[in-house]
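**Q**
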Amino acid sequence: MAEIILGIESSCDDTSAAVIKDGFLLSNVLASQDVHKAYGGVIPELASRAHQVNIVPVVSEAISRAGIDTSEITAVAFTRGPGLLGSLLVGTSFAKGFAMAIDRPLVEVNHLQGHVLANFISQYGAENRHPEFPYLCLLVSGGNSQIVRVNGPLEYEILGQTIDDAVGEAFDKCSKMMGLGYPGGPIVDRLAKEGDPCRFKFSKPHVPGLDYSFSGIKTSLLYFVRDRIAEDPEFMEKNKADICASFQKALIDILMDKLIKAAAQTGIRQITIGGGVSANSGLRNRITEEGRKRGWVTYLPEFKFTTDNAAMIAIAGWFRYRSGGRTSLDVAPVSRLAEF
Ligand code: KG4
Numbered sequence: 408m409a410e411i412i413l414g415i416e417s418s419c420d421d422t423s424a425a426v427i428k429d430g431f432l433l434s435n436v437l438a439s440q441d442v443h444k445a446y447g448g449v450i451p452e453l454a455s456r457a458h459q460v461n462i463v464p465v466v467s468e469a470i471s472r473a474g475i476d477t478s479e480i481t482a483v484a485f486t487r488g489p490g491l492l493g494s495l496l497v498g499t500s501f502a503k504g505f506a507m508a509i510d511r512p513l514v515e516v517n518h519l520q521g522h523v524l525a526n527f528i529s530q531y532g533a534e535n536r537h538p539e540f541p542y543l544c545l546l547v548s549g550g551n552s553q554i555v556r557v558n559g560p561l562e563y564e565i566l567g568q569t570i571d572d573a574v575g576e577a578f579d580k581c582s583k584m585m586g587l588g589y590p591g592g593p594i595v596d597r598l599a600k601e602g603d604p605c606r607f608k609f610s611k612p613h614v615p616g617l618d619y620s621f622s623g624i625k626t627s628l629l630y631f632v633r634d635r636i637a638e639d640p641e642f643m644e645k646n647k648a649d650i651c652a653s654f655q656k657a658l659i660d661i662l663m664d665k666l667i668k669a670a671a672q673t674g675i676r677q678i679t680i681g682g683g684v685s686a687n688s689g690l691r692n693r694i695t696e697e698g699r700k701r702g703w704v705t706y707l708p709e710f711k712f713t714t715d716n717a718a719m720i721a722i723a724g725w726f727r728y729r730s731g732g733r734t735s736l737d738v739a740p741v742s743r744l745a746e747f
């Protein structure tokens, strides 16, 4: 009998619902929240209110686009954490109520597992390449920068992670310092395509092992911009593409140095990326290039599965459901999940 999973995602500022049937995507609906743009970052209270407005129409649209009846749903998967508590509360409460109403099991999903498993979403008419276990996932978002060894769908080992800021924060801060807007990653990415990545140099961190650090490079950019503007007030405007290209290259170099090291240490050649920053065109090109050079088999998620989306929650929920994972109706969301 077919297994149909309804996935619900509300960890930050995107309300999303998706339906997958035996691993194949039937629908993936997303409502983004523009309300935060005016503030240059996500305002938690506004995010949770917008989720409350969006959740019913988004889920309803996902079910209708999937062309299924609610009675056909096998289980309801939802993001339990990590994320903004008020946002998670909306998705969790809705998922609980919905599962109870249709009398189907509830399955909690760790948002990060969703990103790590995004490459398993199958689509009709697509090539559907999936990584083999074990593989390495470079998980890069606004809240995380990790190298994860994925031994099985539910078996993870964090080989390295940031000791301070996430790489997405570095992209966002770069954009903010330069007055370019929010969220910064896509803006920096776009400008970087027109700039010279070798024009400016930024100091790289010296962190032992496979861990990362991005706070120093942020400060390095701050001083660089401040000093150059003191010499020439027009400096930023005249050089923004080169600054973005150079800063982006420095961030990618940092990410890649440790990923290459992790691949060499573990002997694993199946390499994936996940999380919002995996949409970065420079990073995608570099992984593909390094993969070709080093004999890696690389998997890049489609753009729509890089940022927060419920399709990845549904696929992760499906894996968990199949291994017997069930969540009690008295579950509460958690802003930080202790184990991965
Ligand atoms: O995974 P995600 O959607 O949200 C969480 O962190 O939960 O990641 C958001 C991050 C933001 O920092 C955003 O600037 C970054 O992903 N991002 C990008 C790009 N698209 C999104 N960073 C670099 N290049 C991009 N094209």
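Per my numbering, the sequence shown starts with residue 408, numbered consecutively. Backbone N, C-alpha and C fix where the C-beta goes; we use that ideal spot for every residue, glycine too. Quick caveat, the model's predicted, so the values are computed rather than measured.
(1) Does the Cβ of GLY591 lie closer than 6 Å to at least one heavy atom of the ligand KG4?
(2) With 16 as the cutoff for other CB atoms within 10 Å, does GLN553 come out buried or exposed?
(3) By DSSP, does ASP421 sit in helix, in strand, or in coil?
(4) Should LEU736 be labelled buried (16 or more other beta-carbon atoms within 10 Å of its own) or exposed?
(5) Hey, would you say LEU543 sits closer than 7 Å to ILE678, going by beta carbons?
(6) Locate the beta strand (DSSP E) running through ASN646, then write down its first and last residues.
(7) Is there at least one non-hydrogen atom of the ligand KG4 closer than 6 Å to the beta-carbon of THR783?
(8) If you compare alpha carbons, which of ILE412, ARG635, SER494, SER478 is closest to ASP510?
(9) Note the first and the last residue of the continuous alpha helix (DSSP H) segment covering GLU468.
(10) From the DSSP output, in three-state form, read off ALA739 for me.
(11) Using the Cβ count rule (16 or more neighbours within 10 Å means buried), how would you classify SER467?
(12) Assuming ILE661 contacts TYR619 under a Cβ cut-off of 8 Å, what Cβ separation, rounded to an integer in Å, is found between them?
(13) Looking at CYS797 and the ligand KG4, is the gap between the Cβ and the nearest heavy atom below 6 Å?
(14) Please state the DSSP three-state secondary structure of PHE431.
(15) How many Å lie between PRO464 and ILE722 at the Cα?
(16) Which term fits TYR531, buried or exposed, when burial requires 16 or more other beta carbons within 10 angstroms of its beta carbon?
(17) Beta carbon of THR486: closer than 6 Å to some heavy atom of the ligand KG4?
(18) Mind checking which residues open and close the alpha helix (DSSP H) that includes CYS605?
(19) Which value, in whole angstroms, describes the spacing of the CA atoms of SER730 and ALA506?
(20) Any idea what DSSP makes of LEU566, helix, strand or coil?
(21) What does GLN553 pair with, by DSSP beta-bridge criteria?
(22) Does the stretch 425 to 433 come close enough to the stretch 491 to 503 to have 3 or more Cβ pairs within less than 8 Å?
(23) Opposite GLN520 in the DSSP bridges: which residues?
(24) Within 10 angstroms of its Cβ, does PHE710 collect 16 or more other Cβ (buried), or is it exposed?
(25) Along the alpha helix (DSSP H) that carries ILE697, what are the first and last residues, could you check?
(26) For the ligand KG4, I want to know if CYS651 counts as a neighbour, meaning its beta carbon is within less than 6 Å of at least one of the ligand's heavy atoms.
(27) Apart from the five residues just before and just after ALA670, which ones in its own chain have a Cβ nearer than 8 Å to its Cβ?
(28) Return the first residue and the last residue of the beta strand (DSSP E) that THR486 is part of.
(29) Under the rule that 16 or more other beta-carbon atoms within 10 Å means buried, what is ARG727, buried or exposed?
(30) Could you pull out every residue in the same chain whose Cβ sits closer than 6 Å to the Cβ of SER529, ignoring the five residues on either side in sequence?
(31) Closer than 6 Å: is that where the CB of VAL684 sits relative to any heavy atom of the ligand KG4?
(32) Can you tell me which of the three DSSP states ALA438 falls into?
**A** Straight from the coordinates:
(1) yes
(2) buried
(3) strand
(4) exposed
(5) yes
(6) Looking at the DSSP string, ASN646 is not in any beta strand (DSSP E); the run it does join, the alpha helix (DSSP H), is 642 to 673.
(7) Because the chain in this structure spans residues 408 to 747, residue 783 falls outside the shown range and cannot be described.
(8) SER478
(9) 451 to 473
(10) coil
(11) exposed
(12) 7 Å
(13) There is simply no residue 797 to check, as the chain begins at 408 and stops at 747 in what is shown.
(14) strand
(15) 21 Å
(16) exposed
(17) no
(18) Note, CYS605: premise wrong, no alpha helix (DSSP H); not H, not E.
(19) 19 Å
(20) strand
(21) LEU546, GLN568
(22) no
(23) In DSSP, GLN520 forms no bridge with anything.
(24) exposed
(25) It is worth fixing the name first, because residue 697 is Glu in this sequence and not Ile. 688 to 701 is the span of the alpha helix (DSSP H), which, as asked, contains GLU697.
(26) no
(27) LEU543, ARG676, ILE678, ARG701, TRP703
(28) 482 to 488
(29) buried
(30) GLY430, PHE431, ASN535
(31) yes
(32) strand
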